[in-house]
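Asks: Numbering (the working numbering), first residue to last: 1 to 519. Think of the CB as a built atom: it goes at the ideal place given N, C-alpha and C, for glycine as much as any other residue. Note that the structure is a prediction, hence the values are computed from the model and not measured.
#1: Where are the alpha helix (DSSP H) runs, 4 residues long or more, that stay fully inside the region 322-396, in chain order?
#2: Measure the CB-CB distance between residue 460 and residue 446 and report whether it falls below 7 Å.
#3: Relative to the alpha-carbon of residue 256, which residue among 270, 293, 307, 240 has its alpha-carbon at the smallest distance?
#4: Just to confirm before moving on: does the CB-CB distance between residue 274 and residue 106 stay below 7 Å?
#5: Can you tell me whether DSSP reads residue 510 as helix, strand or coil?
#6: In the DSSP assignment, what are the bridge partners of residue 244?
#7: Would the region 167-177 count as touching the region 258-265 if we require 3 or more Cβ pairs under 8 Å?
#8: Going by DSSP in three states, residue 277 sits in which element: helix, strand or coil?
#9: From 253, 244, 291, 304, pick the residue whose C-alpha is nearest to that of residue 280; which is it?
#10: At 4 residues or longer, and completely inside the region 120-192: list those alpha helix (DSSP H) runs for me, N to C.
#11: Thinking C-beta only, is residue 194 closer than 7 Å to residue 156?
#12: With distances taken between CB atoms, is the gap from residue 359 to residue 376 smaller than 7 Å?
#13: Helix, strand or coil for residue 315 per DSSP?
#14: What is the DSSP secondary structure of residue 217, counted as helix, strand or coil?
#15: How big is the Cα-Cα spacing for residue 391 and residue 465?
#16: Between the region 129-148 and the region 201-218, are three or more C-beta pairs nearer than 8 Å?
#17: Ends of the beta strand (DSSP E) at residue 466?
#18: Report all residues from its chain with a CB closer than 8 Å to the CB of residue 100; omit the five preceding and five following residues, and keep chain order.
#19: Which whole-angstrom value is the C-beta distance of residue 361 and residue 348, which I expect to be below 8 Å?
#20: With a threshold of 16 other CB atoms inside 10 Å of the CB of residue 388, please say whether the residue is buried or exposed.
#21: So, helix, strand or coil for residue 49, using DSSP?
#22: For residue 236, name the three-state secondary structure that DSSP assigns.
#23: With the cut-off set at 7 Å, would you say residue 485 and residue 434 are in Cβ contact?
#24: From what residue to what residue does the beta strand (DSSP E) around residue 203 run?
#25: So residue 469 and residue 401 are in contact, right, with Cβ under 8 Å, and what is the actual spacing, rounded?
#26: Does the beta-carbon of residue 340 have 16 or more other beta-carbons within 10 angstroms, so that it is buried, or is it exposed?
#27: Out of 123, 218, 108, state which residue places its alpha-carbon closest to the alpha-carbon of residue 138.
#28: Using beta-carbon positions only, say whether residue 282 and residue 295 come within less than 7 Å of one another.
#29: Given residue 492, which residues of its chain have a CB within under 7 Å of its CB, disregarding the five upstream and five downstream residues?
#30: Using alpha carbons as the reference points, say which of 185, 448, 471 lies closest to residue 457.
#31: According to DSSP, is residue 489 part of a helix, a strand, or is it coil?
#32: By DSSP's criteria, residue 104 is part of a beta bridge. Which residues make up the other side?
#33: Using DSSP with H/G/I as helix, E/B as strand and the rest coil, what is residue 444?
#34: Please name the residue, chosen from 51, 88, 115, that lies closest to residue 304 on a Cα-to-Cα basis.
#35: Tell me which same chain residues have a C-beta within less than 7 Å of the C-beta of residue 525, skipping the five on either side of it?
#36: Per DSSP, what are the beta-bridge partners of residue 265 in this structure?
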């Protein structure tokens, strides 16, 4: 029995000891948290205390300052903190800013066309009627020397008869014979044909038109039985052994294109087949309607796979040699409002994921990347995925964001000292409770407050409804500022806005349905 009794006592001692140890650890953890908690003044961020109380400068209640998870680092009031779970849920991804040689990738769209230097018009050298046509449709291939048409020509018949008569007078008038022969040569009769006429002594009313070059018929201009004049076009020919790929380049891309650049392009009709060539010409004149310029790529076409009219998609990679070694970031990292470009930089000195808004200046667009001219440095870590989630958190907390143009508070010690000097120049620091809901309310409240002479600072927090004010008490008063804000449609702790002014506010600003108004 004694052994059982002593065993129970021993077990109870272990349980009590563990519980006491656990309580001691919890107590130490709470004590440590209290020790690391910092309290500051919303009007004077330079004030740091380890316990709550009043600001020694303006007597406002101190507020707890966010901590970074490390005892030596403090989170700036404008920084955004997310829990590890929120970061994972939003799939926030970051990348280290790097430097490199910028290469701009451009996608161009165009069409295959015949080489204009290899176009040829097959014409009739004599006027007359087309008796027969040996080529009957566009697309037919013609060999050099092939008979393409037979033409009946009374003028040609008369010229041949003149040749025969001049032949009979050759001894007495040799110049007449030479003139008759030259006339037929000008009508493109060969010396062999002229000799045949003189040998047989017969004049023919018809003549065969042969092809001077080899090519493909791209247009048929006459039909059998038509009358044509001297120089009339019978067929349009093109030599398709070499073709042009003509692409449209946007005005913003033309700056980075130059003759000699290599171009690779594909055709939707020939998947998997890649054609390449060099830019041989860039149109010096811009199309005023499409704001594009033509660029030409010459391509050999021995197997005639490239046919005029086919659509082509090209990719051109141009090295921006003038830029040298530049900072390059992915496009997914940038929030662009048209006037401002923003990225979020992850702070490395904190254990809790902390992000800082940074306004940057963008350079050239490189397809999926941007060149950055200023705003971030080499080696910094920026957010490349989940940027909108972080910015939405900043908007909800009333902090500087993509849509909020308030300039972030200075983060360097020198800028902080400059800010404190400016704040000290005001005679009065105060806080005023003002009702509102959204970003439009914030802009309206701060604008109304700053419109009062003597007010040097007005910042409204949408969560606490507190309007922080710096003003010269010799020029204005808190009551006067409150009255102006109420006239703008927002209730304050001192004045109530007129119902008519309140009813005229946008629906998103109707705060009286959300909280009790001040009388």
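Replies: Based on what the coordinates show:
#1: 387-396
#2: Looking up residue 460 in the chain shown gives position 460. Looking up residue 446 in the chain shown gives position 446. Cβ atoms of residue 460 and residue 446: closer than 7 Å.
#3: Here residue 256 refers to the residue found at position 256 when the chain shown is read from its first residue. Taking only the C-alpha atoms, the option nearest residue 256 is 293.
#4: Locating residue 274 in the chain shown gives position 274, where the first residue counts as 1. Locating residue 106 in the chain shown gives position 106, where the first residue counts as 1. Contact flag unset, no.
#5: Translated into positions along the chain shown, residue 510 becomes position 510. Coil at residue 510, not helix or strand.
#6: If you number the chain shown from 1, residue 244 lands on position 244. Answer is 113, 298.
#7: no
#8: Against the chain shown, residue 277 aligns to sequence position 277. In this structure, residue 277 counts as strand in the three-state DSSP scheme.
#9: The residue labelled residue 280 in the question sits at position 280 within the chain shown. Residue 280 has its Cα closest to that of 244, out of 253, 244, 291, 304.
#10: Entirely contained in the region 120-192, the alpha helix (DSSP H) runs reaching 4 residues are, in chain order, 154-168, 174-186.
#11: As a position in the chain shown, residue 156 is number 156, starting the count at 1. As a position in the chain shown, residue 194 is number 194, starting the count at 1. No, the Cβ-Cβ distance between residue 156 and residue 194 is not below 7 Å.
#12: As a first step, residue 359 must be located in the chain shown, where it is residue number 359. As a first step, residue 376 must be located in the chain shown, where it is residue number 376. No, they are not a contact pair.
#13: Counting from 1 along the chain shown, the entry for residue 315 is found at position 315. In the structure shown, residue 315 sits in a strand (DSSP, three-state: E or B).
#14: On the chain shown, position 217 is the one that residue 217 refers to. Here residue 217 sits in strand by DSSP.
#15: On the chain shown, position 391 is the one that residue 391 refers to. On the chain shown, position 465 is the one that residue 465 refers to. Distance between the alpha carbons of residue 391 and residue 465: 21 Å.
#16: The region 129-148 makes contact with the region 201-218, as at least three CB pairs between them are under 8 Å.
#17: If you number the chain shown from 1, residue 466 lands on position 466. Its beta strand (DSSP E) spans residues 466-471.
#18: The count along the chain shown starts at 1 and reaches residue 100 at position 100. Cβ within range, chain order: 325, 326, 328.
#19: Looking up residue 361 in the chain shown gives position 361. Looking up residue 348 in the chain shown gives position 348. Not confirmed; about 23 Å, so no contact.
#20: As a first step, residue 388 is located in the chain shown; it is residue number 388 there, counting from the start. Exposed is the call here.
#21: The count along the chain shown starts at 1 and reaches residue 49 at position 49. Residue state, collapsed to three classes: strand.
#22: If you number the chain shown from 1, residue 236 lands on position 236. Correct three-state label for residue 236: strand.
#23: Taking the chain shown and counting its residues from 1, the one referred to as residue 485 is at position 485. Taking the chain shown and counting its residues from 1, the one referred to as residue 434 is at position 434. Pairing residue 485 with residue 434 gives a Cβ-Cβ distance under 7 Å.
#24: Counted from its first residue, the chain shown places residue 203 at position 203. Element bounds for residue 203: n/a, residue is neither H nor E.
#25: Mapped onto the chain shown, residue 469 falls at position 469. Mapped onto the chain shown, residue 401 falls at position 401. So it is not a contact: roughly 23 Å between Cβ atoms.
#26: Counted from its first residue, the chain shown places residue 340 at position 340. Result: exposed.
#27: Translated into positions along the chain shown, residue 138 becomes position 138. The candidate whose alpha carbon is nearest that of residue 138 is 218.
#28: Counting from 1 along the chain shown, the entry for residue 282 is found at position 282. Counting from 1 along the chain shown, the entry for residue 295 is found at position 295. Yes, the Cβ-Cβ distance between residue 282 and residue 295 is below 7 Å.
#29: Counted from its first residue, the chain shown places residue 492 at position 492. Cβ neighbours of residue 492 beyond the five flanking positions: 432, 433, 434, 482, 485, 486, 518.
#30: Start at 1 with the first residue of the chain shown, and residue 457 comes out as number 457. Taking only the C-alpha atoms, the option nearest residue 457 is 471.
#31: Mapped onto the chain shown, residue 489 falls at position 489. Residue 489 falls in the coil class under three-state DSSP.
#32: Counting from 1 along the chain shown, the entry for residue 104 is found at position 104. DSSP output for residue 104 lists 318 as bridge partner(s).
#33: Locating residue 444 in the chain shown gives position 444, counting from the first residue. Helix at residue 444.
#34: The residue labelled residue 304 in the question sits at position 304 within the chain shown. Comparing Cα-Cα distances from residue 304 to each of 51, 88, 115, the minimum goes to 115.
#35: In the structure as shown, the chain begins at 1 and stops at 519. Residue 525 is therefore absent and cannot be evaluated.
#36: The residue given as residue 265 occupies position 265 in the chain shown. Per DSSP, 275, 314.
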